[in-house]
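Data block below; observations after.
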Amino acid sequence: MTKTQLDLKDSNTGTSQSTTESQPLSSCPECDGQIVHDDEHGETTCKECGLVLDEDSIDRGPEWRAFHNDEKDEKSRVGAPTTRLMHDKGLSTTIGWQDKDAYGQSISNRKRTRLQRLRTWDERFRTKDAHERNLKQALGEISRMASALDIPDPVRETAGTIYRRAVEDDLLPGRSIEGMATASLYAAARQHGTPRPLSEFAEVSRVEKIRIQRAYRYASRELGLEIEPADPLEYVPQFASALDVSDEAIRQARDLLTTAMEVGAHSGKSPAGLAAAAIYAATHLTNEQLTQETVSDAAHVSMVTIRNRYQELLEVYAEEGYA
DNA sequence: GGGGTAAATACTTGCCT
DNA sequence: AGGCAAGTATTTACCCC
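Its first residue numbered 1, the first sequence is counted upward by one per residue in the working numbering.
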């Protein structure tokens with residue numbers, strides 16, 4: 001989990017939106033509490049009542065018990081990390097291409113031909129059924145496009161997951177692999193809060209824009225993809241730390257947002273824009289006076305949007321009494 | 001810097017075949 | 001199912017104070 005966060009931040013593009021430990025999905029059917037996903041233990045639970053909604057995902061925690069910290073560090077290193085970018089999650093054994101034995105010595109002719117036959121069969125078995133072959137091609141395609149667009153690894157992983165789900169739900173028949181692969185990547189970028197215009201994907205993809213759009217729409221409906229936190233409050237801590245604002249201002253920003261949401265002034269507006277505007281407005285109310293440009297850069301929202309939003313925010317805030 | 005506006009663009013939705 | 005068109009929000013570009 002922490003690793004994912006770091007990767008996101010470190011990796012270029014300046015888009016440092018990180019999925020924090022509590023990735024909100026929606027609200028709990030039992031008590032309306034916040035739903036959080038715990039990657040380390042592969043559980044999706046309600047923060048309030050502890051209801052477990054999904055526990056089937058992969059547990060990435062160490063499979064050892066550890067009795068003190070050092071031991072934990074040692075024992076949790078057990079092999080390469082799994083990746084969703086390979087059709088078999090990088091778990092299968094591969095037969096090396098070099099004709100060397102375990103000691104690095106070249107091997108005899110007879111053994112070499114035998115090894116060659118093994119490789120052939122190994123390949124055949126590994127990519128046997130249609131789904132696997134499908135995945136293999138699509139994931140390769142996702143990697144290729146992600147590289148071309150400088151998209152960080154965690155996003156690629158997400159794209160892989162989305163694609164995998166699409167295949168599992170039989171969404172592919174009648175649709176192009178390429179289209180769905182591109183759509184997955186597009187969706188993943190959005191989920192990570194670093195959306196790229198569809199046209200960028202269209203440039204590196206082998207399918208036209210509308211194909212991607214269609215596939216995306218289809219997938220997001222059928223899979224119920226959760227696109228970014230719909231709650232502006234989720235963005236506040238993130239922007240705040242990027243901009244280094246005071247706790248006072250953060251509190252103020254939250255206040256602005258909650259009052260705006262009570263009135264319903266937020267519907268239809270982009271949550272990121274609202275959060276950015278709230279931060280901007282808050283720093284003015286607390287005499288920190290960040291410029292619109294600074295906030296705009298950090299939040300990846302245009303100055304114009306911040307202008308429009310923050311005026312609205314102040315308006316409802318004034319109306320609701322407290323000034 | 002803050003603030004405004006018009007035109008362009010991104011994305012969604014609803015309607016039609 | 002898929003294609004088209006309209007509608008909304010956001011961005012870009014340019015201007016003024």
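Where is the CB? At the ideal position from N, CA and C, for every residue including glycine.
Identify the residues that DSSP records as bridge partners of residue i: which are they?
i	result
Lys-100	Ser-106
Cys-46	Ile-35
For residue i, count neighbouring C-beta atoms within 10 Å of its own C-beta (all shown protein chains included) and say buried if the count is 16 or more, exposed if not.
i	result
Arg-156	buried
Ser-205	buried
Ile-35	buried
Leu-172	buried
Pro-154	buried
Glu-222	exposed
Pro-24	Low confidence applies to Pro-24: its pLDDT is 45, below 50, so where it sits in the model is not reliable, and the reading given next is rough at best. Buried is the call here.
Trp-64	Because Trp-64 carries a pLDDT of 49, less than 50, the predicted location of this residue cannot be relied on, and the following value inherits that uncertainty. Exposed, because fewer than 16 other Cβ atoms sit within 10 Å of the Cβ of Trp-64.
Thr-15	Per-residue confidence for Thr-15 stands at a pLDDT of 36, beneath the threshold of 50, marking its modelled position as unreliable; no derived number is given.
Gln-335	In this structure the chain extends from 1 to 323, so residue 335 is not present and cannot be described.
Pro-152	buried
Gln-105	exposed
Cys-46	buried
Ala-318	exposed
Val-301	buried
Ala-230	exposed
Arg-324	Residue 324 lies beyond the stretch modelled for the chain, which goes from 1 to 323, so this question has no answer here.
Thr-93	exposed
Ser-296	buried
Quick one, are the C-beta atoms of residue i and residue j less than 8 Å apart?
i	j	result
Gly-160	Arg-84	yes
Tyr-310	Ala-272	no
Ala-166	Met-180	yes
Lys-136	His-192	no
Thr-158	Ala-202	no
Leu-257	Leu-233	yes
Ser-184	Tyr-163	yes
Ala-278	Ala-242	no
Asp-101	Ile-95	no
Ala-249	Thr-283	yes
Val-326	Val-316	Lying outside 1 to 323, the shown extent of the chain, residue 326 is not represented and no answer is given.
Assuming residue i and residue j make a contact with CB atoms under 8 Å, what is their CB distance in whole Å?
i	j	result
Asn-219	Ile-177	It should be pointed out that residue 219 corresponds to Ala in this sequence rather than to Asn. Not confirmed; about 13 Å, so no contact.
Ile-306	Gln-292	5 Å
Ala-275	Ala-299	7 Å
Thr-294	Ser-246	That pair is no contact at about 15 Å.
Glu-312	Ala-265	6 Å
Tyr-186	Tyr-216	6 Å
Leu-149	Glu-200	6 Å
Arg-112	Asp-99	5 Å
Leu-198	Gln-213	6 Å
### Query
What are the complete beta strand (DSSP E) segments, minimum 3 residues, inside the region 286-321?
none
### Query
Which runs of the alpha helix (DSSP H) fall wholly inside the region 127-204 and span at least 4 residues, in chain order?
The qualifying runs are 130-148, 153-168, 177-191, 198-204.
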